[in-house]
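Q: Take this structure, written in structure tokens, and hold onto it; I'll ask about it next.
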Amino acid sequence: MSQPTCEPNEDPQGGQPHGRRRAEVPANEETAKQVVQDLSPARKGESVEAGSVVAETIDAGANQAEADAGAEESANPSKQPKKAKKPSGPLSWLKEIAIVIVIALVLSFLLKTFLFRAFVIPSESMQNTLQVEDRIFINELVPRPFALQRGDVVVFKDTQGWLAGDQSITQAKATNWFQDVLVFIGLMPDESQQHLVKRVIGMAGDHVICCDAQGRITVNGQPLDEPYLFPGSENAAGLNATFDVVVPAGKIWVMGDNRNNSADSRFHQNLASQGFIDLNDVEGTATVIAWPLNRWSFIGNYPDTFRNVPAPSSTPVSSPTPTHSGK
1 MSQPTCEPNE
11 DPQGGQPHGR
21 RRAEVPANEE
31 TAKQVVQDLS
41 PARKGESVEA
51 GSVVAETIDA
61 GANQAEADAG
71 AEESANPSKQ
81 PKKAKKPSGP
91 LSWLKEIAIV
101 IVIALVLSFL
111 LKTFLFRAFV
121 IPSESMQNTL
131 QVEDRIFINE
141 LVPRPFALQR
151 GDVVVFKDTQ
161 GWLAGDQSIT
171 QAKATNWFQD
181 VLVFIGLMPD
191 ESQQHLVKRV
201 IGMAGDHVIC
211 CDAQGRITVN
221 GQPLDEPYLF
231 PGSENAAGLN
241 ATFDVVVPAG
251 KIWVMGDNRN
261 NSADSRFHQN
271 LASQGFIDLN
281 DVEGTATVIA
291 WPLNRWSFIG
301 NYPDTFRNVP
311 APSSTPVSSP
321 TPTHSGK
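Shown next, in the form of structure tokens:
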């Protein structure tokens with residue numbers, strides 16, 4: 001009887017191959033996991049070994065793929081991301097200069113509108129504190145949101161026509177459209193004759209009188225020693241400009257430091273306003289002399305002069321009546 005024949009690697013009884021089975025390298029990691037799972041439990045030790053070989057082969061293949069991709073990008077510069085080129089030449093410089101100028105103009109306009117504004121002093125009414133042709137900056141945050149104080153030097157709009165009768169005011173200089181633009185954006189001081197500058201002597205409710213036996217102004221009964229006055233103008237009563245007023249609500253009483261050469265509240269008591277300035281007309285407080293450079297300094301409000309002034313004894317009224325007037 002003939003014996004059945006079999007291939008060298010085939011089991012005669014089960015028809016199954018015997019010996020070590022060669023593990024094929026899978027195409028990817030999922031296939032490798034499937035191959036490892038398909039290995040029989042009897043070959044568990046061999047399956048772990050085969051899985052390790054597969055994992056190492058996959059890692060090596062991935063590293064090789066990354067290296068090949070990097071080499072391809074280096075060999076083909078067109079696939080690499082291009083860096084933006086910074087423009088150069090005269091046009092780029094002009095563009096940058098134009099941007100800087102526009103930003104500077106906008107900032108200047110905002111400062112002039114909300115914070116600071118420049119003015120030129122046209123007369124001698126505030127000497128020696130301010131001289132003719134001084135360039136000053138005012139703080140536009142006063143009187144709102146910050147409050148005025150006695151002694152502050154203020155710039156206010158001439159809504160009552162004070163300038164029409166003030167011969168000490170120099171004539172406004174002629175300007176062209178370019179200068180008007182510079183004034184508008186705040187790069188040039190305002191030289192128009194639409195504003196005045198004086199010192200605040202009385203606030204709402206204050207009882208201001210000129211003068212006591214020594215020629216001093218009193219506020220709420222307290223005489224003022226005024227070191228800022230121009231020499232020779234200490235006695236304001238000598239100008240026949242005596243007054244006795246109570247400052248109404250929302251108003252201020254102002255006077256120049258050069259009392260002998262200042263058409264201030266004293267000389268406008270015959271108007272409907274009775275010489276008082278409305279707070280809505282106040283542009284701001286003068287804070288610094290900016291030009292000429294040899295006069296650069298801060299403008300003080302002399303708090304010691306008004307330190308001992310008591311609070312008003314009565315509530316401010318809206319329509320005061322001065323007991324004396326004169327010019």
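Start counting the sequence shown at 1; every next residue gets the next number (full-length UniProt numbering). Idealized CB from N, CA, C, for every residue including glycine.
(1) If you drop the 5 nearest sequence neighbours on each side, which residues of the same chain put their C-beta closer than 8 angstroms to that of E283?
(2) Taking only the alpha-carbon atoms, compute the straight-line gap between K95 and R199 and give it to the nearest angstrom.
(3) From the DSSP output, read off the bridge partner residues of V288.
(4) Where I136 and F230 are concerned, what is the direct C-alpha to C-alpha distance, given to the nearest angstrom?
(5) Residue ranges of each beta strand (DSSP E) run of no fewer than 3 residues wholly in the region 235-287, ordered along the chain?
(6) What are the partner residues of L196, as DSSP defines its beta bridges?
(7) Can you give me the start and stop residues for the beta strand (DSSP E) that T305 sits inside?
(8) In or out: W162 buried (at least 16 other Cβ within 10 Å) or exposed?
(9) Between D244 and M255, is the Cβ-Cβ spacing less than 7 angstroms?
(10) Reducing DSSP to helix, strand and coil, say where V120 ends up.
(11) Which residues mark the beginning and the end of the beta strand (DSSP E) in which C210 is found?
(12) So, helix, strand or coil for S47, using DSSP?
(13) Thinking V197 and T285 are a contact (beta carbons under 8 angstroms), I'd like their distance in whole angstroms, please.
(14) Restricting to Cα atoms, I'd like to know which of N280, V288 and L293 is closest to P145.
(15) Please classify N308 as buried or exposed, where buried requires at least 16 other C-beta atoms within 10 Å of its C-beta.
(16) Can you have a look at T129 and say buried or exposed, based on whether 16 or more other CB atoms are within 10 angstroms of its CB?
(17) Would DSSP call V132 helix, strand or coil?
(18) S313: buried (16+ other C-beta within 10 angstroms of its C-beta) or exposed?
(19) Return helix, strand or coil for V142, following the three-state DSSP convention.
(20) Could you pull the DSSP bridge partners for Q222 from this structure?
(21) Around the Cβ of L224, are there at least 16 other Cβ atoms within 10 angstroms (buried) or fewer (exposed)?
(22) Using DSSP bridges, identify the partner residues of G202.
(23) I277 and T287 - do their beta-carbons sit closer together than 7 angstroms?
(24) Does DSSP put A164 in a helix, a strand or coil?
(25) Compare the Cα-Cα distances from Y228 to each of V208, N258 and G202 and report the closest residue.
(26) Quick one: measure Cβ to Cβ for G215 and V208, integer angstroms, because I've assumed they're closer than 8 angstroms.
(27) Excluding the five sequence neighbours on either side, which residues of its own chain have a C-beta within less than 7 angstroms of the C-beta of E226, listed in chain order?
(28) Rounded to whole angstroms, how far is the Cβ of D134 from the Cβ of R266, which I believe are closer than 8 angstroms?
(29) Taking the CB atoms as reference points, tell me whether A249 and A311 lie closer together than 7 angstroms.
(30) From Q160, V246 and N261, pick the residue whose C-alpha is nearest to that of residue 328; which is it?
(31) Nearest to P292 by alpha carbon, out of T218, I121 and I97?
A: Let me spell this out:
(1) R117, I138, E140, V154, V155, F156, K157 and H195
(2) 47 angstroms
(3) F137 and F298
(4) 19 angstroms
(5) 243-246 and 251-255
(6) F156
(7) Here T305 belongs to no beta strand (DSSP E); instead the alpha helix (DSSP H) covers P303 to F306.
(8) buried
(9) no
(10) strand
(11) H207 to C210
(12) Residue placement at S47 is poorly supported in this model, since its pLDDT is 44, which falls under 50; the coordinates still yield a value, given next. Note: S47 maps to helix in three-state DSSP.
(13) In fact, because the Cβ distance is near 10 angstroms, the residues do not count as touching under 8 angstroms.
(14) N280
(15) exposed
(16) buried
(17) coil
(18) exposed
(19) coil
(20) V219
(21) buried
(22) W253
(23) no
(24) helix
(25) N258
(26) Going by Cβ atoms, the distance from G215 to V208 rounds to 15 angstroms, so no, they are not a contact pair.
(27) T305
(28) D134 to R266, Cβ: 23 angstroms. No contact.
(29) no
(30) In the structure as shown, the chain starts at 1 and stops at 327, and residue 328 therefore has no counterpart that could be examined.
(31) I121
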